[in-house]
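Numbering (my numbering), first residue to last: 1 to 582.
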């Protein structure tokens, strides 16, 4: 669906032909910039179809277009369909980036749920003729759940499905038949969706989000000048004052760099160049650009433009943690139950472990196998506003690029590792030396060195990017702990090679002679600890993923020296006092 998209139309069209769509059907309403004429010409060239969205009184444009599409023969003839807008560009990360290999990999699946990636302005102000997909390469982090709206690529049967803007819905007459059991949808990583999504929902959740196969790049704002152009023409659904500063701050997210879509550059450019060999399209395309540039030149001379520009620059400074999306309409549980089909009720009554899936590793949090951080190397190089929130008098970055969502909530409330900090005296006594294996961003290491008199902490972390964040935290808090805090990124854990991991831990214990060994790594469980030469270690403290591994192995290992202290341990950490026992 489009309204006055002529300056951007050919790029969008060429891009999706490069992705592998064979036909494109576009509904338009109230266009005045040549969009209709360009689409009519594309249909004359056999590259797609154009339909005018004649909107009945009292009906909004999007529902009107979807009603037409529901009964459109060309839609019914398609093998797969995907409904999306002019500011959305499909980016397939699977294979060579085209549809066919991904659909082949989907096997007998009949739908793929594709989650948005929200792309911001990249701090671009001025209008440019450069392609949208080349200009804007900064986006919200993939873990930002406010950006998890979806679009659905699916096999359409007009007798069974009702088309929707985000996903189709099963027609009521099919709910009590065997049809819902035939619906097999995958997420954006090619993994099975949870069954509830057959019936409701238009957003991914942590258990269903995934981007390994595909993502929908959503360029809702572009540059400030492009945003001004959108205000000229309004929006496809005629929402009053949609394009204000609040909408800008929600959509102008530039926290991480993402250039996956550049894989299409050569194919898209070749197709667009070919399209522009047609004299009609050539004339319409450049006329549309010159027309909008002339209007923009006039607008830039006004106070209204300066006010808009200033308000958007101010809105860009809003940290992502302060963004408030429009809350969903409150739903009455009794009303939901009354509307649920029997098949959905039957599904909801199945055991939770059957209905719910574990999140992918990239989206797992504490309690789901994660350690509270975004996995892999953390890149905070993009310049963006970040709140620093005091947690036990240490200011931490409330940064969605660093923390998993639930953990970030604790940081925002000043309660990050609160119980560990309050009970640090159980872990470390005055004058003791601590070896922290897997110190993460170093909060507990810093807190221990700062608060426990004469304590010395050696903070080790395999992930160098987390250690850099620890240095940033020290700088932000103007902390210089001198000899009380030593940091190292020398690798300790060697996956699949316990002997090498044990040897490295033994080296560190021999070199540092710690009184306390504190560990979070999942690999450091009872089995591995039973082979470590504990030397000077009087106390072992296990946290996070290390606890699960230790508990699952303890009975099998049977090392009495590794028995947890029931008096000192709490759910957040396990304390073991082996003394000097081998």
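Ideal placement from N, C-alpha and C gives every residue a C-beta, glycine not left out.
Beta-carbon contacts of residue i that lie in its chain and below 7 Å, excluding the five residues immediately before and after
i, result
"residue 8", "86, 132"
"residue 356", "194, 207"
"residue 299", "228, 305"
"residue 408", "398, 400"
"residue 238", "Low confidence applies to residue 238: its pLDDT is 48, below 50, so where it sits in the model is not reliable enough to give any reading."
C-beta contact flag for residue i and residue j at 8 Å
i, j, result
"residue 216", "residue 84", "yes"
"residue 97", "residue 263", "yes"
"residue 113", "residue 143", "no"
"residue 249", "residue 124", "no"
"residue 445", "residue 485", "yes"
"residue 188", "residue 210", "yes"
"residue 572", "residue 543", "yes"
"residue 186", "residue 109", "yes"
"residue 319", "residue 368", "no"
"residue 434", "residue 518", "yes"
"residue 64", "residue 53", "yes"
"residue 147", "residue 117", "yes"
"residue 414", "residue 390", "yes"
"residue 183", "residue 162", "no"
"residue 265", "residue 134", "yes"
"residue 537", "residue 564", "no"
Reference residue i, options the options, closest by Cα
i, options, result
"residue 376", "451, 467, 414, 177", "467"
"residue 126", "306, 447, 529", "306"
"residue 27", "567, 157, 455, 68", "68"
"residue 138", "527, 522, 255, 499", "255"
"residue 20", "30, 103, 63, 76", "103"
"residue 512", "529, 525, 488, 530", "488"
"residue 503", "54, 397, 174, 532", "532"
"residue 362", "387, 380, 401", "401"
"residue 304", "232, 252, 292, 175", "232"
"residue 404", "393, 71, 391, 365", "365"
"residue 214", "260, 373, 176", "260"
"residue 312", "393, 53, 122", "122"
"residue 520", "541, 506, 471", "541"
"residue 157", "44, 500, 73, 252", "73"
"residue 474", "145, 280, 57, 394", "394"
"residue 115", "141, 383, 129", "141"
"residue 281", "552, 40, 547, 458", "40"
"residue 46", "278, 291, 360", "278"
"residue 308", "469, 382, 226, 76", "226"
Cut-off 8 Å between Cβ atoms - residues of its own chain near residue i, not counting five sequence neighbours on either side
i, result
"residue 79", "155"
"residue 246", "315"
Per DSSP, the bridge partner or partners of residue i
i, result
"residue 486", "458"
"residue 192", "186"
"residue 111", "154, 185"
"residue 564", "576"
"residue 584", "Here the chain has residues from 1 to 582 only, and residue 584 is not among them."
"residue 391", "394"
"residue 88", "218"
"residue 436", "459, 518"
"residue 269", "According to DSSP, residue 269 bridges with nothing at all."
"residue 543", "573"
Contact set for residue i: own chain, Cβ-Cβ below 6 Å, skip 5 residues either direction
i, result
"residue 33", "4, 6, 288"
"residue 12", "86"
"residue 42", "48"
"residue 105", "none"
"residue 36", "28"
"residue 274", "none"
"residue 580", "Only weak support is given to the placement of residue 580: the predicted model assigns it a pLDDT of 43, under 50, and the question is left unresolved by the model."
"residue 568", "426, 575"
"residue 465", "377, 378"
Cutoff 8 Å: residue i Cβ touching any chain B Cβ
i, result
"residue 414", "Of the protein chains in the structure, only one exists, and it is not chain B."
* Asked: Is the region 207 to 222 close to the region 87 to 97, with three or more CB pairs under 8 Å?
  -> yes
* the region 477 to 496 / the region 432 to 448 touching (three or more Cβ pairs under 8 Å) -> Touching, yes.
* With contact counted as at least three CB pairs below 8 Å, one residue from each stretch, are the region 417 to 431 and the region 439 to 458 in contact? -> yes
* the region 199 to 210 / the region 92 to 110 touching (three or more Cβ pairs under 8 Å) -> Fewer than three beta-carbon pairs drawn from the region 199 to 210 and the region 92 to 110 are found closer than 8 Å, and the two stretches are therefore not classed as touching.
* **Inter-stretch contact at 8 Å, needing at least 3 Cβ pairs: the region 556 to 564 / the region 519 to 527** => yes
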